[in-house]
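Structure record follows, encoded as structure tokens.
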Amino acid sequence: MELRQLRVFEAVARHGTVTDAANALGNAPSSVSAQIRVLERSLGVALFERGARGMVLTPAGERMRPWARRLLDQAEQARLDVTGGRRELRLGALETVAATHVPAILARLAVRRPDLRVEVRSDAARDRLLADVADGGLDAALLLDTGEGLGGLGFGLPPAPLDFLDLETVRLMLVAAPGHPLSGGQRVTREDLRGQDLLVNVPACSFWLAGERLFGQDVRRVRAGGVAVMRAWAERGLGVTLLPEFAVSAQLTEGSLVRLGLDTAPLALRLVWRADREDVPGLREVLYAVADPGRRL
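Quick note, the sequence shown lines up with residues 1 to 297 if you use the numbering used here.
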């Protein structure tokens, strides 16, 4: 087994096709396929099932996946120790929070860990972020959730030992254009919203899931798009929308949106990582530095 074969194996497992893995690695697809075949021959087992839709891990491949990540981590730590290089943190974030929260986290890390390089990957899909954390492609990810356990908002989890830490509370607001019939400052109930148009993104969106908990089927969902689109449509009077306070504070101040008097449960900005990777040198300290510059282990 060679490290290059493990890197190729991990890339194919993450991307699901030889072509996508080759693009990510900057290699030719034929080279990626050859490296996988050599690795399988050396182990004496098939690591992937080949099909029309791509490459799917076999049970042996699933067992190989954490070993590949562990061996690659150890090789990287050895390289850094020998060369005196800087540790790199691979941090993922939902696009919703990447622009508003990640800059402060990067500034905090720059003070606490000047020896650290940070690579940030933003993504609109929570599932991809969680899968990358589970696979070891990311060291940690920032997402929105609720409840005592991970996934309380209603999304699925990959089969991996994930741990998390809540960084801050994210307040949700139901907003609408000025002049909306429910905008007079009175308390709004779920019954008051029956039949209203709720501007949403996609079912996997954090705010869609939060709306499911709040409204059930009492409101009509109108697909708009991302946060900026939902906000803009609400300003035009095309419906109400449920968004985090940080995404609508400027509009509330200038008066292009008003808050409706609905009680909403907050979400949590949650940092997620693999619990079984905390023994990677320095990783646990880095994760807590992300959360709180004054926290000590």
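Note that beta-carbon positions come from the ideal geometry of N, C-alpha and C, so glycine has one too.
Beta-carbon contacts of residue i that lie in its chain and below 8 Å, excluding the five residues immediately before and after
i    : result
L319 : Only positions 1 to 297 of the chain appear in the structure, and residue 319 is not among them; the question remains open.
G294 : The predicted position of G294 is uncertain, since its pLDDT is 47 and thus under 50; no value can be drawn from it.
G154 : L209, E212, R213
A125 : A204
Start-to-end residues for the beta strand (DSSP E) that takes in residue i
i    : result
T169 : 162 to 170
L143 : 140 to 145
L269 : 267 to 274
D197 : 197 to 200
V227 : Where V227 is concerned, there is no enclosing beta strand (DSSP E), although the alpha helix (DSSP H) it sits in stretches over 227 to 235.
Straight-line gap, residue i to residue j (C-alpha atoms, nearest Å)
i    : j    : result
G225 : R87  : 37 Å
I36  : M64  : 13 Å
V8   : A22  : 8 Å
D163 : E254 : 40 Å
V45  : D115 : 41 Å
G149 : S31  : 42 Å
G184 : V56  : 55 Å
A78  : R277 : 16 Å
R296 : R113 : Interpretation of R296 is limited by its pLDDT of 43, a score under 50 that renders its predicted location unreliable; the figure taken from the coordinates is listed afterwards. About 13 Å.
A268 : E168 : 6 Å
T189 : V170 : 21 Å
R187 : A107 : 40 Å
E119 : R223 : 32 Å
A234 : V12  : 42 Å
D218 : L238 : 17 Å
G195 : T146 : 26 Å
V133 : P178 : 42 Å
L198 : V175 : 10 Å
A250 : G151 : 30 Å
R14  : A68  : 12 Å
G92  : T100 : 14 Å
R259 : M1   : 59 Å
A131 : L6   : 18 Å
L182 : G26  : 55 Å
D127 : V38  : 31 Å
L242 : L172 : 7 Å
R117 : T96  : 23 Å
I105 : F246 : 16 Å
Start-to-end residues for the alpha helix (DSSP H) that takes in residue i
i    : result
T241 : First-last for T241: 240 to 244, but that is the beta strand (DSSP E), not the alpha helix (DSSP H).
E212 : 206 to 215
V38  : 29 to 43
R7   : 3 to 15
R112 : 102 to 112
V219 : It is not in any alpha helix (DSSP H) - V219 carries neither H nor E in the DSSP assignment.
D20  : 18 to 25
Bridge partners - residue i, DSSP secondary structure assignment
i    : result
G151 : According to DSSP, which records beta bridges pairwise, G151 is partnered with nothing at all.
D123 : L94
F48  : L57
A345 : Any question about residue 345 goes unanswered here, given that the chain covers just 1 to 297.
E88  : R117
V188 : L262
Residue closest to residue i, alpha-carbon to alpha-carbon, out of the options
i    : options              : result
L287 : T58, L89, L6, R194   : L89
R274 : D135, V118, Q186     : D135
L257 : D263, A265, V248     : V248
G61  : E49, M230, G54       : E49
L47  : R121, E10, M173      : E10
G51  : P66, V18, R69, A232  : V18
R236 : A28, H180, R14       : H180
E98  : R117, V111, S122     : According to the sequence displayed, residue 98 carries Ala and not Glu. Among R117, V111, S122, the Cα nearest to that of A98 belongs to S122.
G156 : D192, G216, L129     : L129
A160 : R270, L193, P66      : P66
L271 : L142, E40, R221      : L142
T58  : G16, V111, D166, P29 : G16
Cutoff 6 Å; reference residue i; Cβ partners in own chain excluding five residues on either side
i    : result
D139 : L89, R90
S206 : L144
L262 : L174, V188
Other residues of its chain near residue i: CB distance less than 7 Å, five sequence neighbours each side excluded
i    : result
W208 : V200, N201, V202
L80  : R87
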